[in-house]
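Peer 1: Before we start, here is the structure in question, set down as structure tokens.
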Amino acid sequence: MGYQELDNNFFYFDSESLEDINNSLFGYIITDKEHKNDIFNNEPFSEVHHGSYILIKKIKDKIHIKQDFFGSYGIYVFNKDNFWAFSNSFTLLTDNLYKRYNLTLNNDYARHFLLGEHTSLAYSETLINEINILPRNIEVIIDLNSFTYTTQEINYPEESIALESEEGIKIIDYWFTKWTHFIRDLELKKSQINVDLSGGFDSRITFLLLLKSGINLNNINIRSINDSIHTHREDFEIAKEISNYFGYNLNTKEFNFKSLNLDEKLRYSFYSRLFFLKQLVFPAFSYSDAVYHFGGEGGELLRDYWKRDPDDFIEGYLRKSKKLGLSIEYFHSMKNILSNGFNKIKNLTDDRLSICKYYYRETRCRYHFGRAFVLGNLTNRIRCSPLMDPLLQKLKIGCNSDILMAVIFDRYGPELLNFKFEGGRSIPDTVLTKAKEINKRYKTKSVNMEVKYYCHRNNPTSIIGENKINNCHNNPYNFIEDVFSTNIVKHSLCSAFSEEFYLNAIKYLNKKHEPYSEIAAGLAVFRGISITKDTISGIRQTDQTTLEYFKDIVSKKGRNRLFEYHKFIESFDLRNLFQLINQARMDIKNINKDIHNSDLSITSLYSSLEADVKSPSWYTDSAGIGYTVTTYNNHLKLRIIPKNNGILSLKFKTPDVSSSGKKIRFKIDYTKIYINNSLIIDKPITVTHDDIFKYSINVVKDDVLLLDIEWKISNYNIKDFLSLF
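Following this line, the structure appears as structure tokens:
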């Protein structure tokens, strides 16, 4: 099979292809080595470095495979009959192995993944019995003379230094100085920088580093989401108050990007997330140049997160299995997976209540944050998460989980505590008093940085992309739903496991939060079934790679009746009737009668689910190519770039909606319409499909127009609402 690389970020090699291996960096590393080639020298690292990476180093007759502190990619290993293989992608490894070896399905893993939440909770097991993921503190050493490999455990000094000690405070001072210097160097190099700011503790701690670095905050993008999802509205108001105080603006920078095509979206997600996460995040675009993204990821690691009794933690899944109507086998599988993992990490702590906290770092954190970093690098986003720096993991926090946050705020940016936190949360006065005592005892000292830190990476492959995004043929969520709804997927999952899970997955489609999570888990398990031989017939379903197989069954199979029936039954309630009319539409055309097929480009500035952009033939004529934009989001931003001079025609209306053959003529109110921050309406405008608000503006080729709209459904009493249908 030989050595393989995919997207410059994933590798596969086996015991028969060692001659093809060279020094390689997959991902990115923040290190004290100034030049990338220096990280491949024969010297050991001076410390455990921050980043998301796999480093392959050839030293004499040995090959060393190192991974980052959290094991973001994962090192997957297969070993059978004197043949072994490694990859940093489970998908790539199985795609290479299943034709050559009889792989078998790990039923415990499959059931625990179907029952669980968000991520896998397996310490070393995977969906395939013959493949394991190595713990995050393992280095692989391959002997080129004997064609054998060994693993070496790295003893990370985690939670070994008391926060309230001189050495502990030195670590915090070094961490602060390291990151503020790194940020200043990024600005000097004119790097693109983005930082998240919400109303929470974690993003504010990270923002503190940029604030105190001395850079011009108006040269970077400080991002705060402003919508009605979760706590975002309150988060934004808090972030706005902070920005006004310090004299900078929010959401001011836009970075050039190229939209991804469907294959790229699916491939990036499948090779980094499938089989281990239920959130199959599909990136809509890749940045043209690297963006350094600073966020508050990892704050849970610095608190007593998941501090609970292991038996109680396991027992919670018994209640969940009953709630979902799943058989007791699902709970027993979860219990087996968790018990195996807990037993392997008991030597890390004498405190029984800390076992789950350690387990969080080994599993949930590794997958949830680590794979986000991997996916980010694929799309030219370097996730800089200072709270996940291995330096801070050395600190033993003690009994109060807010004390580290309090020490950092009081030591470097006490003024940031003058602003409220989301949800009425705060650091208790007793903890702040304790932090002040610690900081008074150990005065802030200037750290003489003898080394500088540099970010080295293996750039992802160039994307193919496409000019238009967000149309129905480019929606990966539609694609995975189409795969899941086929008869072969239903039959495989219901036969091997249970119809109850399949029906629960359909129910989840109507949830606002992560509606596709159970479908993602089901597709992962289905793929496992398809590459293992049937116990009765001895036949595999396919000889295709993961993505090829999913595309193939969608092209050949229609949706099964069970899926369609239950999706209809689950959707038929007032919430879904409301959803039918919770839509807005804009018709957009750049008109120039002197230019045949005058055109423009339209991009949603949020995720790929924010808008459905189409170019129907009926709306195109010699004066211009027309586009319709339909959205369920009550706050939408579009970037419009004319490809020639013309008159931009905008029509604000509702979509053409039908239910049971009946046209639904509903009303919505456009409450705000901005073009390049200029408000074009002074009061709400009520529209229907036929009663349209029209607006036009002269445009110049390649000018960027930012269309920012807010709208809501018009007020209806219940009688008038039901009469629509």
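Mapping of the sequence shown onto our numbering: residues 3 to 727, in sequence order.
C-beta: ideal position from N, C-alpha, C; glycine also.
Predicted, not measured: the structure shown is a model, and the values here were computed from it.
Let me know the beta strand (DSSP E) ranges lying completely inside the stretch 396 to 461, each 3 residues or longer, listed in chain order.
Peer 2: Listed in chain order, they are 456 to 459.
Peer 1: Below 8 Å on the Cβ atoms is my contact criterion, and I expect Val-409 with Ile-174 to pass it. Report the Cβ-Cβ distance as a whole number of Å.
Peer 2: Between Ile-174 and Val-409 the Cβ distance is about 7 Å, and since that is below 8 Å, they are a contact.
Peer 1: With a Cβ-Cβ cutoff of 8 Å, do Leu-650 and Asn-678 count as a contact?
Peer 2: Taking 8 Å as the Cβ cut-off, Leu-650 and Asn-678 do not qualify as a contacting pair.
Peer 1: Determine the burial state of Lys-514: buried for a count of at least 16 other Cβ atoms within 10 Å of its Cβ, exposed for fewer.
Peer 2: With fewer than 16 Cβ atoms within 10 Å of its Cβ, Lys-514 is classed as exposed.
Peer 1: Can you list, in chain order, the residues of its chain whose CB lies under 6 Å from that of Thr-547, leaving out five sequence neighbours each side?
Peer 2: Only Asp-97 meet the Cβ criterion.
Peer 1: On the DSSP letters alone, give me the boundaries of the alpha helix (DSSP H) that Ser-497 sits inside.
Peer 2: From DSSP, the alpha helix (DSSP H) with Ser-497 extends over 489 to 498.
Peer 1: Which residues in the same chain have their Cβ closer than 8 Å to the Cβ of Asp-746, if we skip the five residues on either side of it in sequence?
Peer 2: What the structure shows of the chain is the stretch from 3 to 727, and residue 746 is not part of that stretch, so it cannot be assessed.
Peer 1: Tell me, which residues are paired with Ser-288 by DSSP?
Peer 2: Answer is Lys-260.
Peer 1: Hey, how far is the Cα of Ala-112 from the Cα of Asn-349?
Peer 2: Whole-angstrom Cα-Cα distance: 27 Å.
Peer 1: Check whether the stretch 265 to 281 touches the stretch 240 to 251, taking contact to mean three or more Cβ pairs, one atom from each stretch, closer than 8 Å.
Peer 2: Flag = no, the stretch 265 to 281 and the stretch 240 to 251 do not touch.
Peer 1: Is the beta carbon of Glu-520 closer than 8 Å to that of Gly-327?
Peer 2: The answer is no: Cβ separation not under 8 Å.
Peer 1: Taking the alpha carbon of Ala-507 as the point to measure from, which residue in Phe-486, Ala-498, Lys-655, Leu-340 has its own alpha carbon closest?
Peer 2: The residue with the shortest Cα to Cα distance from Ala-507 is Phe-486.
Peer 1: Alpha carbon to alpha carbon, what distance is there between Glu-317 and Asn-11?
Peer 2: The alpha-carbon atoms of Asn-11 and Glu-317 are separated by roughly 39 Å.
Peer 1: Using the beta-carbon count (16 or more within 10 Å), is Gln-585 buried or exposed?
Peer 2: That one is buried.
Peer 1: Say whether the stretch 205 to 214 touches the stretch 265 to 272, bearing in mind that this needs 3 or more beta-carbon pairs closer than 8 Å, one atom from each stretch.
Peer 2: No: fewer than three Cβ pairs fall under 8 Å.
Peer 1: With a threshold of 16 other CB atoms inside 10 Å of the CB of His-232, please say whether the residue is buried or exposed.
Peer 2: Flag for His-232 reads exposed.
Peer 1: Kindly indicate the opening and closing residues of the alpha helix (DSSP H) around Pro-644.
Peer 2: Pro-644 -> not in any alpha helix (DSSP H); beta strand (DSSP E) instead, spanning 637 to 644.
Peer 1: Between the C-alpha atoms of Ile-490 and Ile-330, what's the straight-line distance to the nearest angstrom?
Peer 2: The straight-line gap from Cα to Cα measures roughly 25 Å.
Peer 1: May I ask you to report which of helix, strand or coil DSSP gives Asn-679?
Peer 2: Three-state DSSP puts Asn-679 in coil, outside helix and strand.
Peer 1: Kindly confirm or deny that the stretch 342 to 356 and the stretch 293 to 302 touch, where touching means at least three C-beta pairs closer than 8 Å.
Peer 2: In short, these stretches do not touch, since the Cβ pair count stays below three.
Peer 1: In the DSSP output, what is Gly-29 paired with across the bridge?
Peer 2: Paired residue(s): Tyr-55.
Peer 1: In this structure, what does DSSP give as the bridge partners for Tyr-629?
Peer 2: Ile-590.
Peer 1: Restricting to Cα atoms, I'd like to know which of Phe-115, Ile-77, Ile-41 is closest to Ser-335.
Peer 2: Ser-335 has its Cα closest to that of Phe-115, out of Phe-115, Ile-77, Ile-41.
Peer 1: What are the start and end residues of the alpha helix (DSSP H) that includes Phe-115?
Peer 2: Run containing Phe-115: 109 to 117, per the alpha helix (DSSP H) assignment.
Peer 1: Does the stretch 417 to 426 come within contact of the stretch 387 to 402, defined as at least 3 CB pairs closer than 8 Å?
Peer 2: Cβ pair count under 8 Å is below three, so no.
Peer 1: Between the C-alpha atoms of His-66 and Lys-60, what's the straight-line distance to the nearest angstrom?
Peer 2: If I take the Cα positions, the gap works out to 6 Å.
Peer 1: Hey, how far is the Cα of Ala-87 from the Cα of Leu-105?
Peer 2: C-alpha separation (whole angstroms): 14 Å.
Peer 1: Which runs of the alpha helix (DSSP H), 4 residues or longer, sit entirely within the stretch 315 to 396?
Peer 2: Runs found: 330 to 347, 357 to 364, 366 to 380, 392 to 395.
Peer 1: Does the Cβ of Phe-28 have 16 or more other Cβ atoms within 10 Å, making it buried, or fewer, making it exposed?
Peer 2: Buried, by the Cβ-count rule.
Peer 1: For Gly-524, which of Thr-488, Asp-431, Lys-558, Asn-382 has the nearest alpha-carbon?
Peer 2: Checked all of Thr-488, Asp-431, Lys-558, Asn-382; the closest Cα to Gly-524 is Thr-488.
Peer 1: Alpha carbon to alpha carbon, what distance is there between Ser-26 and Phe-42?
Peer 2: If you take the alpha carbons of Phe-42 and Ser-26, they lie about 8 Å apart.
Peer 1: Quick one: residues in its chain with C-beta nearer than 6 Å to the C-beta of Ser-91, no 5 flanking neighbours on either side, listed in chain order?
Peer 2: Contacts found: Phe-12, Tyr-273.
Peer 1: What's the gap between the Cα of Pro-430 and the Cα of Ser-205?
Peer 2: If I take the Cα positions, the gap works out to 19 Å.
Peer 1: I think Tyr-1 touches Tyr-30, with their Cβ atoms under 8 Å apart; what is that distance to the nearest whole Å?
Peer 2: Residue numbering for the chain in the displayed model covers 3 to 727; residue 1 lies beyond these limits and cannot be assessed.
Peer 1: Measure the alpha-carbon distance for Ile-156 versus Phe-259 and round it to whole angstroms.
Peer 2: Answer to the nearest angstrom: the Cα atoms are 39 Å apart.
Peer 1: Contact criterion: CB-CB distance below 8 Å. Does Pro-159 meet it with respect to chain D?
Peer 2: Any reference to chain D falls outside this structure, which holds one protein chain only.
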